[in-house]
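Student: Numbering (my numbering), first residue to last: 112 to 231. Backbone N, C-alpha and C define an ideal beta-carbon position, used for all residues, glycine too.
(1) Would you call the CB atoms of residue 120 and residue 156 closer than 7 Å?
(2) Note down the Cα distance separating residue 138 from residue 128, rounded to an integer number of angstroms.
(3) Does the separation of the CB atoms of residue 205 and residue 193 fall below 7 Å?
(4) Between the C-alpha atoms of residue 211 and residue 123, what's the straight-line distance to the nearest angstrom?
(5) Around the C-beta of residue 229, are 16 or more other C-beta atoms found within 10 angstroms, so that it is buried, or is it exposed?
(6) Does DSSP put residue 138 in a helix, in a strand, or in coil?
(7) Alpha carbons only, please: which of 160, 166 and 153 is nearest the one belonging to residue 125?
(8) Between the Cα of residue 186 and those of 158, 202 and 224, spot the shortest distance and give me the residue it belongs to.
(9) DSSP three-state label for residue 183, please.
(10) Using the Cβ count rule (16 or more neighbours within 10 Å means buried), how would you classify residue 173?
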């Protein structure tokens, strides 16, 4: 099931995000993020953009969100798309489900372009 993020999901998403900081280059951050900083990021994103999670039974499998691509007015209809998976659940196609769902939400919100930086 894909649904909007809830407060009780935030710890898990934060933990995964820090896992990606320490085990990959995908976040472009070099130091783990404090939980309160990550929570502030979620709340700021949610003011304007969707943040969704993929849940199967009682387990979260991943999350995706849209955010501002650029502050200049000409980019108002372009958004940045981010997807992070449970590190133990990569390679099962769950990321595609999240991507399809978040792009559908972007279309419904009137975005014309989604941009994402993808790393290996």
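Tutor: Concretely, from the data shown:
(1) As a first step, residue 120 must be located in the chain shown, where it is residue number 9. As a first step, residue 156 must be located in the chain shown, where it is residue number 45. By the CB criterion at 7 Å, residue 120 and residue 156 fall outside the cutoff.
(2) As a working note, residue 138 is residue 27 in the chain shown. As a working note, residue 128 is residue 17 in the chain shown. Taken atom to atom, the span from the alpha-carbon of residue 138 to that of residue 128 is near 8 Å.
(3) Locating residue 205 in the chain shown gives position 94, where the first residue counts as 1. Locating residue 193 in the chain shown gives position 82, where the first residue counts as 1. It is not a contact, given that the beta carbons lie outside the stated cut-off.
(4) Stepping through the chain shown from its first residue, residue 211 is reached at position 100. Stepping through the chain shown from its first residue, residue 123 is reached at position 12. Rounded to whole angstroms, residue 211 to residue 123 spans 22 Å at the Cα level.
(5) By 1-based counting over the chain shown, the position of residue 229 is 118. Counting every other CB atom within 10 Å of its CB across the protein chains shown gives residue 229 a total below 16, marking it as exposed.
(6) Counting from 1 along the chain shown, the entry for residue 138 is found at position 27. The answer is coil: DSSP assigns residue 138 none of H, G, I, E or B.
(7) Taking the chain shown and counting its residues from 1, one reaches residue 125 at position 14. Among 160, 166 and 153, the Cα nearest to that of residue 125 belongs to 153.
(8) Residue mapping note: residue 186 aligns to position 75 of the chain shown, counting from 1. Checking every option, the nearest Cα to that of residue 186 belongs to 224.
(9) Here the question's residue 183 lines up with position 72 in the chain shown. For residue 183, the secondary structure class from DSSP, reduced to helix, strand or coil, is coil.
(10) By one-based count along the chain shown, residue 173 stands at place 62. Buried: at least 16 other Cβ atoms inside 10 Å.
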